[in-house]
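Since the structure comes first, as structure tokens, the remarks are kept for the end.
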Amino acid sequence: MMQVFDEAPQGIQTAPHEPRILAAGHQVSVREINFGNVHDKSSLMLAFLNGLGLRDTFGQNWDALYDVLTDPDQRPARLALLLCGYAHFRRRHPNLTRDLEQVLLDAQTEAARTDRHLWLLSEEPDSDTRHW
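Under the UniProt record's numbering, the first residue of the sequence shown carries the number 1, and numbering increases by one thereafter.
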């Protein structure tokens with residue numbers, strides 16, 4: 001069975017079981033972005049600031065996020081973003097999701113253009129349930 005890291009990144013994919021262990025075996029750096037406390041753009045940018053280990057000087061806007069994700073001096077050549085709680089976030093914030101996904105997918109395309117890899121992996125907790 002083909003593993004996610006055996007192929008070039010393509011869109012937002014479901015994270016495999018034990019993604020950190022698989023990533024280590026493929027020499028892929030993993031950064032976890034936790035969407036559990038995201039309720040607006042400001043808290044979304046804070047989640048990326050924390051997950052990517054950015055300095056407080058991070059601009060906290062879409063252009064700054066794109067720049068950070070595509071800067072070869074700031075990011076490893078093989079990077080996976082583990083998007084924790086992403087499905088729940090998508091259901092709660094469709095407009096914010098649209099803007100975020102545009103930035104993430106554009107960064108993924110730019111990474112591929114420069115012979116780098118950016119995997120976008122949605123990891124859902126086992127207890128994730130839909131709220132009606």
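Each residue gets a CB set at the ideal place from its N, CA and C atoms; glycine is no exception. Remember, it's a predicted structure, so these values are computed and weren't measured experimentally.
Asked: Backbone secondary structure at E124 - three-state DSSP; Found: coil
Asked: Collapsed DSSP secondary structure at R90 in the structure displayed; Found: helix
Asked: Residues sharing a beta bridge with T57, DSSP; Found: Answer by DSSP bridge pairing: none, since T57 is not bridged.
Asked: Beta bridge counterpart(s) of V30 as assigned by DSSP; Found: A80
Asked: Three-pair Cβ contact test at 8 Å for the segment 41-52 versus the segment 12-24; Found: no
Asked: Q13, DSSP secondary structure in three states; Found: strand
Asked: Exposure of Q74, with buried meaning 16 or more beta-carbon neighbours within 10 Å; Found: exposed
Asked: Reference E7, options R116, E123, L104, closest by Cα; Found: R116
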